[in-house]
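The opening residue of the sequence shown carries number 4 in the numbering used here; numbering runs sequentially from there.
Glycine included, each C-beta is placed from N, C-alpha and C at the ideal position.
So the structure is just underneath, and the comments pick up after that.
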Amino acid sequence: LVTQLPTDFFDFLTDLQNRLTKVIKTVGKVEHKYWRSFSNERKTEPMEGFVDGDLIETFLDLGRDKMSEVTAGLQITDPNTGNKSEATVDDIIKIVEDLTRIH
Numbered sequence: 004l005v006t007q008l009p010t011d012f013f014d015f016l017t018d019l020q021n022r023l024t025k026v027i028k029t030v031g032k033v034e035h036k037y038w039r040s041f042s043n044e045r046k047t048e049p050m051e052g053f054v055d056g057d058l059i060e061t062f063l064d065l066g067r068d069k070m071s072e073v074t075a076g077l078q079i080t081d082p083n084t085g086n087k088s089e090a091t092v093d094d095i096i097k098i099v100e101d102l103t104r105i106h
């Protein structure tokens, strides 16, 4: 699914994605940014401006301790007030579950 996201939400998901890449160990130890980059015979381009929904969904497969590790210090914007606060594990679970229902 390709869609536009509000800047605050995109930044939040990008932060979540980056945190997940540090916690989740990949098969073959291939870094996520290289695995998702575009590559052909002439050039390789990094993945930019996209959120990897498959990676975001892996949050739901983590144990509660790893979820806490990922969310520690993660800031979320309240859509009603625009204020930022520290996200809880339950906040992230709800957001990710809501996103999985869209596609």
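In this model, F12 and T80 are separated by some 8 Å (Cα to Cα).
Counting of Cβ neighbours within 10 angstroms places Q7 among the exposed residues, the total staying below 16. Under the DSSP assignment, Q20 falls outside any beta strand (DSSP E), being part of the alpha helix (DSSP H) whose first and last residues are T10 to V26. Note: T103 is not bridge-paired with any residue in the DSSP secondary-structure output.
Taking C-beta atoms as the reference points, L16 and V73 fail to come closer than 7 Å.
Rounded to whole angstroms, the gap between the alpha carbons of P9 and D18 is 14 Å.
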